[in-house]
Structures are given as C-alpha cells and as structure tokens.
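Take a look at the structure below.
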Amino acid sequence: MAKAAEFKIRFLASDSPDVTTNKLYWVEAPAPVDYTSPWVDVGNVKDVDGFINVDLGAVLGVHQLDGVFNIGVAAVDDLGNEADMSKANDLPLDFVAPNPVGNIEIL
Amino acid sequence: MKAMKLLMIIILISIFSIAHAQTWEGIDHYLYYGDTGKDISVAWADPKVITPEDPFDDYNPLTDVFELIIYNKDRDYTVKISDVIPADVFEWTFKVPKVGHWVPKIRVKRVETVDGVDSIEYTEWSESTDPTVAQVNGIDRGWWLFAWLDATGPIIIP
Chain X
1 MAKAAEFKIR FLASDSPDVT TNKLYWVEAP APVDYTSPWV DVGNVKDVDG FINVDLGAVL
61 GVHQLDGVFN IGVAAVDDLG NEADMSKAND LPLDFVAPNP VGNIEIL
Chain W
108 MKAMKLLMII ILISIFSIAH AQTWEGIDHY LYYGDTGKDI SVAWADPKVI TPEDPFDDYN
168 PLTDVFELII YNKDRDYTVK ISDVIPADVF EWTFKVPKVG HWVPKIRVKR VETVDGVDSI
228 EYTEWSESTD PTVAQVNGID RGWWLFAWLD ATGPIIIP
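Chains as they are written, first to last, in my numbering: chain X, 1 to 107; chain W, 108 to 265.
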C-alpha cells in the first residue's frame with residue numbers, strides 16, 4: 001500500500017464554548033471555497049496552545065486529492081451553526097502516490 | 108420595594124460591531140452584531156439617580172443586588188448572566204453564549220431575612236428592547252444583539 005505525503009495545517013480554535021467540531025472544506029482552484037464545497041469533519045481536539053492540527057494527507061476524502069485547491073475551515077456548534085470560514089487559497093496538494101517501480105531483480 | 112418596572116436606562120457601552128435599525132414586533136430597534144466568545148459590556152444607570160423617588164424611594168444598596176439575564180428571541184430561552192451584581196455596580200461584562208438574537212434584561216433583587224426566613228422581592232424586568240428604559244447613543248431607543256459563532260483563527264501551514 002502506497003504512503004501519502006504529509007501536509008499539515010493548523011488553526012486557532014474558536015473561542016465559543018459551544019463549538020463541537022470543525023469542518024474542512026475544499027474545492028479545486030480557481031473556484032472559491034464556500035459552504036457548498038465538499039467538506040469533512042476534522043473534530044475539535046486542541047493542542048496545548050489552543051490550535052487544531054490537521055494532516056490533510058490523512059483526512060478521508062482529502063487524501064486522494066491531486067491539484068491546486070482552495071480550502072476553508074469553519075467552527076460548528078451543537079445546533080449546526082457555522083462560523084465565518086478561515087481560508088487558504090491555491091494550495092498545491094498531491095496525495096496520489098506515483099506508480100510503483102518494477103519488480104526487484106537480483107542480478 | 109414596589110414591584111414595578113425598573114425605571115433605569117440600559118446602555119450598551121461596548122458594542123460588538125456596527126448597528127442598524129431592525130424592526131421587531133413593529134418597533135424599530137438597533138441591532139448590534141458580534142461573535143460568541145467575545146466580551147461585551149452592558150451598562151445601566153443608578154436607579155436611585157434616575158428615579159430618586161418612586162419606585163426607588165426605598166431602594167436599599169445593602170440588601171439589593173442586580174440580576175442580569177439575556178433572552179434568546181429565536182429559541183425562546185433565557186440564560187442567567189449573574190444574579191449577584193452588587194447594587195453599586197452599574198456595568199457588567201460577559202460573553203454571549205450562543206448564536207442568535209439576544210435581549211438583555213435586568214432587575215433588582217432584594218433579599219431580606221426576617222425571623223430566619225429569607226424574603227425575596229423583585230422589580231419587574233427592564234429590557235433593552237423597551238425604548239422607555241433603553242438608549243442608543245443617548246437617544247431613547249430599544250436595541251438587541253445578534254451573535255455569530257466565533258470563527259477559528261487563520262489557517263497556518265507550518
């Protein structure tokens with residue numbers, strides 16, 4: 001099984017006490033990322049500095065992307081309300097492994 | 108203490124952001140926008156100064172405290188901010204806990220102990236949407252709040 005490259009991002013978590021999770025949205029550039037874009041739940045686990053860290057190469061749905069993408073993250077509360085989206089544009093993402101080499105031959 | 112509406116002036120002294128007029132139940136109110144998780148401050152006048160006679164002719168700072176709540180108009184529920192605000196404090200800072208339209212309300216609570224039994228009296232609620240007790244920029248006018256969900260920080264690629 002091929003191994004995807006790491007591509008880590010992080011963002012400071014929302015201050016709101018009722019945030020339950022965060023959504024990561026993506027769309028292939030140059031289309032703008034918005035709340036209708038494909039998304040995946042990336043949880044709400046914070047590090048000691050209050051950041052949420054995400055390895056895009058390990059996120060289901062994102063891990064097969066190959067191209068230039070606009071991404072966004074939005075905090076979500078327990079009622080499904082979503083905050084303004086923090087965005088990063090024109091990210092070169094490539095989690096598709098190259099074709100494998102041929103069989104090993106012993107000479 | 109008479110059970111009358113608290114004739115004090117509620118003033119939002121620390122706004123979320125911009126405000127504009129929005130009609131609610133046929134009355135124009137000012138709407139302040141902001142985020143959950145951000146501090147806001149609400150101020151009110153000393154009732155003894157505003158109405159030195161009735162209904163505060165017997166207003167007693169030693170036994171009275173302010174009780175501040177916020178009412179969520181969208182989902183019809185109330186959140187208690189504090190019911191132990193000292194009677195000589197006329198400003199309170201708090202965070203709006205959830206998204207939606209909110210109306211601050213305040214009243215005086217008096218607790219007196221007679222023969223070992225607590226007796227509690229309240230004035231009526233004064234609310235920010237009541238233009239007879241609320242002000243915007245020094246003008247008698249109702250106001251309320253709308254809070255968005257506080258956003259995450261920017262995306263950082265280490």
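Glycine is no exception: its CB is placed at the ideal position from the N, C-alpha and C atoms.
Exercise. Using Cβ-Cβ distances below 9 Å, what residues of the stretch 76 to 94 of chain X are close to chain W?
Worked result: Flagged, chain order: VAL76, ASP77, ASP78, LEU79, ASN81, GLU82, ALA83, ASP84, MET85, SER86, LYS87, ALA88 and LEU91.
Exercise. Straight-line CA distance for GLU198/W to LYS187/W?
Worked result: Here the question's residue 198/W lines up with position 91 in the second sequence. Here the question's residue 187/W lines up with position 80 in the second sequence. If you take the alpha carbons of GLU198/W and LYS187/W, they lie about 15 Å apart.
Exercise. Any idea if GLU6/X is buried or exposed, counting beta-carbon neighbours within 10 angstroms, 16 or more meaning buried?
Worked result: On the first sequence, residue 6/X is found 6 positions in, with the first residue counted as 1. Classification of GLU6/X: exposed, given that the 10 Å Cβ count is below 16.
For this session: Express the C-alpha separation of GLU219/W and PHE173/W in angstroms, rounding to a whole number.
Result: Here residue 173/W refers to the residue found at position 66 when the second sequence is read from its first residue. Here residue 219/W refers to the residue found at position 112 when the second sequence is read from its first residue. PHE173/W and GLU219/W have their alpha carbons spaced roughly 15 Å apart.
Problem set entry | DSSP bridge partner residues for SER233/W (one or two, in chain order) | Indexing the second sequence from 1 puts residue 233/W at position 126. ILE213/W, per the DSSP bridge assignment.
Exercise. Is the beta carbon of THR143/W less than 8 Å from the beta carbon of LYS212/W?
Worked result: To locate residue 143/W, count along the second sequence from 1; it is residue 36. To locate residue 212/W, count along the second sequence from 1; it is residue 105. No.
Exercise. With burial defined as no fewer than 16 other Cβ atoms inside 10 Å of the residue's Cβ, what is the status of GLN64/X: buried or exposed?
Worked result: Locating residue 64/X in the first sequence gives position 64, counting from the first residue. With a threshold of 16 other beta carbon atoms within 10 Å, GLN64/X falls short and is exposed.
Exercise. In this structure, does DSSP put PRO154/W in helix, strand or coil?
Worked result: Along the second sequence, one-based indexing puts residue 154/W at 47. It is helical.
Exercise. What does a CB cutoff of less than 8 Å around TYR25/X pick up in its chain, not counting 5 residues either side in sequence?
Worked result: Against the first sequence, residue 25/X aligns to sequence position 25. Around TYR25/X: VAL33, ASP34, TYR35, SER37, PRO38, TRP39, ILE71, GLY72, VAL73, ALA74 and MET85.
Exercise. Exposed or buried, which one is GLY141/W when buried takes at least 16 other CB atoms within 10 Å?
Worked result: Indexing the second sequence from 1 puts residue 141/W at position 34. Looking at its Cβ environment, which holds 16 or more other Cβ atoms inside 10 Å, GLY141/W is buried.
For this session: Within 10 angstroms of the Cβ of THR185/W, are there 16 or more other Cβ atoms? Answer buried if so, exposed if not.
Result: Start at 1 with the first residue of the second sequence, and residue 185/W comes out as number 78. THR185/W sits exposed, since fewer than 16 C-beta atoms from the chains shown fall within 10 Å of its C-beta.
For this session: Give every residue of the same chain whose Cβ lies closer than 7 Å to the Cβ of ALA29/X, excluding the five residues on either side of it in the sequence, and list them in chain order.
Result: As a first step, residue 29/X must be located in the first sequence, where it is residue number 29. Same-chain partners within the cutoff: VAL68, PHE69, ASN70, ASN89 and ASP90.
Exercise. Roughly how many angstroms separate the alpha carbons of PRO193/W and ALA58/X, rounded to a whole number?
Worked result: In the second sequence, residue 193/W corresponds to position 86, counting from 1. In the first sequence, residue 58/X corresponds to position 58, counting from 1. One C-alpha to the other measures close to 53 Å.
For this session: Classify PRO162/W as helix, strand or coil using the three-state DSSP reduction.
Result: Position 55 of the second sequence, counted from the start, is the residue given in the question as residue 162/W. Below a pLDDT of 50, predicted positions are generally treated as unreliable, and PRO162/W, at 47, falls in that range; the measurement from the model is reported next regardless. Here PRO162/W sits in coil by DSSP.
Problem set entry | Simplified DSSP assignment, three categories, for LEU169/W | In the second sequence, residue 169/W corresponds to position 62, counting from 1. Coil at LEU169/W, not helix or strand.
Exercise. Nearest CA to the CA of ARG45/X: which residue from LEU79/X, ASP66/X and ARG10/X?
Worked result: Translated into positions along the first sequence, residue 45/X becomes position 45. Before going on, a small fix: residue 45/X reads as Val here, not Arg. Relative to VAL45/X, the option among LEU79/X, ASP66/X and ARG10/X whose CA is nearest is ARG10/X.
Exercise. Could you give the residue range of the beta strand (DSSP E) that holds PHE201/W?
Worked result: In the second sequence, counting from the first residue as 1, residue 201/W sits at position 94. PHE201/W -> beta strand (DSSP E) spans 198 to 202.
Exercise. Around the C-beta of ILE118/W, are 16 or more other C-beta atoms found within 10 angstroms, so that it is buried, or is it exposed?
Worked result: The sequence position of residue 118/W within the second sequence is 11, counting from 1. Taking a 10 Å sphere around the C-beta of ILE118/W, we find 16 or more other C-beta atoms and assign the residue as buried.
Problem set entry | Under the three-state DSSP convention, the category GLY50/X falls into | For this step, residue 50/X is matched to residue 50 along the first sequence. In this structure, GLY50/X counts as coil in the three-state DSSP scheme.
Problem set entry | Per-residue contacts from THR259/W into chain X (C-beta, under 8 Å) | Looking up residue 259/W in the second sequence gives position 152. Per Cβ cutoff of 8 Å: PHE11, LEU12, ALA13, SER14, ASN22, ILE52, VAL73, ALA74, ALA75, ALA83 and SER86.
Exercise. Who are the near neighbours of LYS202/W in its chain, counting only those whose CB is closer than 8 Å to its CB and skipping five residues on each side?
Worked result: One-based indexing of the second sequence puts residue 202/W at position 95. Excluding residues within five positions, the ones whose Cβ falls inside 8 Å are THR143, GLY144, LYS145, ASP146 and ILE147.
Problem set entry | Contact with chain W by ASP47/X, beta-carbon distance below 8 Å | For the purposes of this step, residue 47/X is taken as the residue at position 47 of the first sequence. ASP47/X does not count as touching chain W.
Exercise. Would you report the Cα separation of ILE176/W and ASP55/X, rounded to the nearest angstrom?
Worked result: Indexing the second sequence from 1 puts residue 176/W at position 69. Indexing the first sequence from 1 puts residue 55/X at position 55. ILE176/W and ASP55/X: Cα-Cα distance of roughly 42 Å.
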